[in-house]
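Report on the structure given below.
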Ligand code: UD1
Ligand code: CA
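In our numbering, the protein residues as written are 28 to 484.
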């Protein structure tokens, strides 16, 4: 759906108050850059024609951030040097074909903005300007909305305000729906005669008012949705609010989150109903968790696909799949495209890397399985190591089904251990073991066949 509304996002500011080498709008909240959140809200509001005013450090990242936020295409306009929000809009206007419709302008440092508020600003677009405002607790560094009677007369920046003006609690949110032609006229007239020697976009409001144009205030229902991020204290506060919002969405959809304050979720996760998240759990990038699975405490999952009824405690799972009914942890590390089969168990101090474990495999303790295939129901004893690296190359270990790998076995790859084979405790396996064979020792040697059970007489 396209509304035919064009948007300009102001993202060129230096962000000096962040005291960072990284541009402000690229600082992350809940695993996504600040700019991503603004672009995602625009997309959700149906705004697809987006121009971003950037600086040289932001420009190289714009396409990737926008694509990830769901925008097929955005325009960047460079603003060098950065002479204020009014100057940023002048740059944007210079880079755009003049239009006759509505031009939405919003700060790139308002990651909490929601599509619904953007939609309300757009809905008021028959006026010269819809100005989003919010009542906020004082003190605040926001620009104050100064009224003359009922009408909006101007905006005064906190740094230019008198004490009486600072006592006003109606704030300029940093989100505006302008009649573009009227904005062009007002923007051309801006000057930088103020405390910061900047061209303030907010000075257009006084011009509109003086020219008798209708300015419609659109009050945000919750001021927290328009909070700006100017320093790292505000960054953490905004991230906590976003995280809470994500947690609440999942809780309303049937996920139990025991402690949302210590559960950190990125957007775009897929969590089935009746998933339980225990404290100190972080779920990132494309993670999917199936119904009735329990994650945490102290779990970190990135790009993990977890089946149903799985239990993952005190563990790290990255770029891997965990099957239904699997048990992982405590203190396990599953990574590098590992696949843990249905009902398999990965216990204490077990690491898997590019390891495919069949259904019912048990690796309970102190084990490294790297570049390995392990067949169904095989038991991997405590201390087993796949020696997959010879100093130059990585090699594969293949273990069949129903095998028994004794404690402290070293499997020197490349090596294959057949179905139902056994390695004794402490074996150093440097040659393939055929199906059903039993080996032990260093280097491991063939043992006699297990004697057949004596028939009961
Ligand atoms: C701005 C508003 C203020 C409002 C507040 C809401 C102005 C003058 N003031 O103040 O009324 O209450 O937002 O959060 O607009 N930017 C550029 N180029 C520049 C300067 C800034 O692109 O030359 C971008 C920044 O990257 C930022 C946004 O514009 O995303 C706002 O700039 P910032 O300096 O943070 O303005 P505030 O002082 O917060
Ligand atoms: Ca700001």
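Cβ atoms here follow ideal geometry from the backbone N, Cα and C, with glycine treated the same way.
Same chain, Cβ closer than 6 Å to residue 168, five either side skipped, listed in chain order
The residues 185, in chain order, have a CB closer than 6 Å to that of residue 168 in the same chain once the five nearest residues on each side in sequence are set aside.
By how many angstroms is the C-alpha of residue 92 removed from the C-alpha of residue 245?
Note on geometry: alpha-carbon atoms of residue 245 and residue 92 lie some 29 Å from one another.
Counting only the same chain and skipping the five closest in sequence on each side, list residues whose C-beta sits under 8 Å from that of residue 21.
One cannot answer for residue 21 here, as it falls past the ends of the chain, which runs 28 to 484.
Identify, in the order they occur along the chain, each residue of the same chain with its Cβ nearer than 8 Å to the Cβ of residue 336, setting aside the five sequence neighbours on each side.
These residues qualify, in order along the chain: 317, 318, 319, 320, 351, 352.
Over the uninterrupted alpha helix (DSSP H) stretch that includes residue 234, give me the two end residues.
Segment 230-237, the alpha helix (DSSP H) holding residue 234.
For residue 251, which three-state DSSP category applies?
The DSSP-derived three-state label of residue 251 is helix.
Taking C-beta to C-beta, are residue 397 and residue 380 nearer than 8 Å?
Taking 8 Å as the Cβ cut-off, residue 397 and residue 380 qualify as a contacting pair.
Using CA atoms only, rank isn't needed, just tell me which of 241, 412, 147 is closest to residue 377.
Of all alpha-carbon atoms in 241, 412, 147, the one lying nearest the alpha-carbon of residue 377 is that of 412.
Residue of 346, 345, 310, 367 minimising C-alpha distance to residue 334
Among 346, 345, 310, 367, the Cα nearest to that of residue 334 belongs to 367.
Are the CB atoms of residue 201 and residue 109 within a distance shorter than 8 Å?
Taking 8 Å as the Cβ cut-off, residue 109 and residue 201 do not qualify as a contacting pair.
Rounded C-alpha distance that separates residue 269 from residue 343
Rounded to the nearest angstrom, the two C-alpha atoms are 23 Å apart.
What beta strand (DSSP E) runs, 3 residues minimum, are completely inside the segment 366-406?
Contiguous beta strand (DSSP E) elements confined to the segment 366-406 occur at 372-384, 389-401, taking only those with 3 or more residues.
What I want to know is whether the C-beta of residue 406 ends up closer than 7 Å to one or more non-hydrogen atoms of ligand 2.
Because no heavy atom of ligand 2 lies under 7 Å away, the Cβ of residue 406 does not count as near it: no.
Could you spell out the range, first to last residue, of the beta strand (DSSP E) harbouring residue 414?
First-last of the beta strand (DSSP E) with residue 414: 412-414.
Does the beta-carbon of residue 258, which I'm using as the reference point, lie nearer than 7 Å to any heavy atom of ligand 2?
Not under cutoff, so the answer is no.
Residue 472 burial status per 10 Å Cβ neighbour count (16 or more: buried):
Label assigned to residue 472: exposed.
C-alpha gap between residue 194 and residue 364, whole angstroms
Their Cα atoms are separated by approximately 57 Å.
Measure how close the beta-carbons of residue 38 and residue 62 come, nearest whole angstrom, since I'm counting them as under 8 Å.
About 6 Å; that satisfies the 8 Å criterion.
Pairing CB atoms from the segment 214-224 with CB atoms from the segment 158-166, are three or more of them under 8 Å?
Because the criterion of three Cβ pairs below 8 Å is not met, the segment 214-224 and the segment 158-166 do not touch.
Using a Cβ-Cβ cutoff of less than 6 Å, which residues in the same chain neighbour residue 302 once the five nearest sequence positions on both sides are dropped?
For residue 302, where only same-chain residues beyond five positions count, the Cβ hits under 6 Å are 282, 316, 320.
Buried/exposed call for residue 227, threshold 16 Cβ in 10 Å
Buried is the call here.
Please name the residue or residues paired with residue 55 in a DSSP beta bridge.
Paired residue(s): 60.
May I have the straight-line CA-CA distance separating residue 130 from residue 116, to the nearest angstrom?
So the two alpha carbons sit approximately 11 Å from each other.
Quick one: does the C-beta of residue 134 sit closer than 7 Å to a heavy atom of ligand 2?
Yes - ligand 2 has a heavy atom lying nearer than 7 Å to the Cβ of residue 134.
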